[in-house]
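**Student:**
In the working numbering, the protein residues as written are 140 to 646.
(1) Can you give me the start and stop residues for the beta strand (DSSP E) that residue 217 sits inside?
(2) May I ask you to list the residues that DSSP assigns as paired with residue 341?
(3) Could you compute how far the alpha carbon of residue 405 sits from the alpha carbon of residue 478?
(4) Please list the terminal residues of the continuous alpha helix (DSSP H) segment that includes residue 260.
(5) Could you tell me the distance, in whole angstroms, from the CA atom of residue 295 to the CA atom of residue 318?
(6) Per the DSSP calculation, residue 565 is bridged to which residue(s)?
(7) Closer than 8 angstroms is the cut-off here; do at least three beta carbon pairs connect the segment 485 to 495 with the segment 360 to 376?
(8) With a threshold of 7 angstroms between beta carbons, is residue 489 in contact with chain D?
(9) Tell me, to the nearest whole angstrom, how far the beta carbon of residue 304 is from that of residue 271; I am working on the premise that it is less than 8 angstroms.
(10) Any contact of the segment 360 to 369 with the segment 334 to 348, i.e. 3+ C-beta pairs under 8 angstroms?
(11) At which residues does the beta strand (DSSP E) containing residue 453 begin and terminate?
(12) Take residue 451 and list the residues in its own chain whose beta-carbon comes closer than 6 angstroms to its own, dropping the five residues that flank it on each side.
(13) Measuring alpha carbon to alpha carbon, tell me which of 433, 407, 416 and 419 ends up nearest residue 427.
(14) Measure the beta-carbon distance from residue 433 to residue 564 and round it to whole angstroms, keeping in mind my assumption that it falls under 8 angstroms.
(15) Output yes or no for whether 7 angstroms exceeds the beta carbon distance between residue 457 and residue 466.
(16) With burial defined as no fewer than 16 other Cβ atoms inside 10 Å of the residue's Cβ, what is the status of residue 602: buried or exposed?
(17) Once you ignore the five residues that flank residue 567 on each side, which residues in its own chain have a CB closer than 8 angstroms to its CB?
(18) What residue from 464, 460, 197 and 338 has the CA that sits closest to residue 401's CA?
(19) Identify whether residue 206 lies in helix, strand or coil by the three-state DSSP scheme.
(20) Any idea which residues DSSP pairs residue 369 with across the strands?
(21) Compute the Euclidean distance between the alpha carbons of residue 527 and residue 214, then round it to the nearest angstrom.
(22) Count the other C-beta atoms from every protein chain shown that fall within 10 angstroms of the C-beta of residue 616, then say buried if there are 16 or more, exposed otherwise.
(23) Using the C-alpha atoms, what's the distance from residue 386 back to residue 369?
(24) Use the C-beta contact count for residue 100: other C-beta atoms within 10 angstroms, 16 or more gives buried, fewer gives exposed.
(25) May I have the straight-line CA-CA distance separating residue 263 from residue 226, to the nearest angstrom?
(26) Helix, strand or coil, according to DSSP, for residue 540 in the structure here?
(27) Find out if the Cβ-Cβ distance for the pair residue 493, residue 222 is shorter than 7 angstroms.
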């Protein structure tokens with residue numbers, strides 16, 4: 140070793156500088172992470188490595204191209220169909236709404252043959268499977284062109300509302316409303332897909348999640364879908380509220396959106412994998428999708444992976460492949476032809492799907508009320524609250540046993556349950572050798588099984604609640620008697636003392 144060289148093992152100035160640098164790097168890292176957690180998008184502009192920023196720029200450019208609609212493709216959201224159910228406790232609201240907005244006699248028939256009278260007759264005979272068209276509701280400022288055009292509230296962004304009454308059983312009636320969107324709003328999904336996005340960072344569960352272009356567009360479409368669903372929910376809540384829109388069951392309206400395309404065959408599994416715009420909606424996969432037997436271009440799904448929304452489904456159709464003989468008005472190839480076709484084939488399916496949603500809501504509500512028994516074991520105020528909730532359960536579910544009995548009997552008869560329902564078959568069976576299932580058979584089996592299980596659960600729960608209420612009342616009576624006994628003993632003791640004091644005073 141030369142005399143001028145320093146021993147690397149000895150303590151020298153270089154070692155002190157190395158420790159100082161490590162401290163600076165550690166402090167810089169902690170400051171960077173603290174800022175990154177608080178302001179991820181702002182911080183990433185200045186502290187991210189050049190390779191990371193370059194990767195995101197290139198990936199964003201590629202993803203924007205793949206999620207953009209092809210030049211020859213045109214996708215439009217034509218309408219949102221919503222279904223609400225009315226049991227014994229809600230049917231008066233439906234009749235009141237019909238009378239309030241004068242939807243009584245759209246066909247110019249005698250008053251005795253109007254909607255309210257037809258509804259009463261259908262419930263008396265047990266819901267004979269017919270349908271009653273209330274007509275088309277336009278804004279009050281519009282001039283009616285025929286007796287089928289009615290007056291009533293129409294939300295902003297909606298061109299008109301078509302209303303149909305579909306009786307399910309004598310104690311359960313469905314009102315199906317089709318909200319046909321204005322032309323400017325039909326391109327909402329297309330506008331979202333056409334707009335370029337940049338990868339974003341968001342705080343999530345104590346960390347940071349990276350949202351790429353596809354996730355951002357999917358989230359925007361999901362938000363637009365929820366805004367349109369809110370239009371239907373608010374309309375029912377303000378006009379004719381029923382079982383679902385009140386929120387007592389924890390369920391939302393049964394809704395179904397209808398999309399039209401010009402090139403891609405939606406929900407068929409034949410969409411180009413390099414084109415990811417269909418996955419953002421999503422209408423690319425054929426998993427759990429169903430196609431109409433009479434109109435093969437019309438398909439629907441209730442399982443919108445990864446955007447699974449309870450009660451909501453997507454129906455889609457490639458209108459370029461629909462032959463003219465299928466159209467109600469072949470001379471006019473406008474969107475109202477396709478809206479009419481979709482309405483006729485989807486209306487009754489949605490009413491049965493709403494029945495499934497109500498049954499699931501009844502079951503969830505029953506399980507929730509049953510849990511109140513565990514909450515009512517100690518303090519007196521908890522006991523009173525639990526008894527109050529049990530009382531509300533009995534008051535709010537007066538018509539549930541009759542609904543369950545009729546639904547179970549109704550679903551056991553295939554002809555009665557499937558009347559007026561269009562036949563839909565499975566697009567892609569689980570196995571190639573399997574025969575495609577029928578949607579109406581699947582729904583009928585689900586309703587029959589769920590109604591049967593819920594009927595037994597409801598019966599046992601009601602018996603349990605009655606016994607538990609009697610037990611709680613007995614316990615409370617015993618507590619009151621014990622309290623009265625203590626008060627009586629205290630009163631006797633005080634009387635004895637008073638008597639002794641009086642006797643001593645006389646002496």
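Just so it is clear, CB atoms sit at the ideal spot from N, CA and C, and this is done for glycine as well.
**Tutor:** Answer, in terms of the structure:
(1) 215 to 225
(2) 348
(3) Taking the straight line joining both Cα atoms gives about 16 angstroms.
(4) 254 to 263
(5) 11 angstroms
(6) Paired residues: 429.
(7) no
(8) Here chain D cannot be found, since the structure has a single protein chain.
(9) 4 angstroms
(10) no
(11) 451 to 457
(12) 394
(13) 407
(14) With a Cβ gap of about 11 angstroms, residue 433 and residue 564 do not count as contacting.
(15) no
(16) exposed
(17) 408, 425, 426 and 428
(18) 460
(19) coil
(20) In the DSSP output, where bridge partners are listed per residue, residue 369 has none listed.
(21) 52 angstroms
(22) exposed
(23) 13 angstroms
(24) The structure shown has nothing for residue 100, since the chain only spans 140 to 646.
(25) 13 angstroms
(26) Three-state DSSP puts residue 540 in a helix.
(27) Yes.
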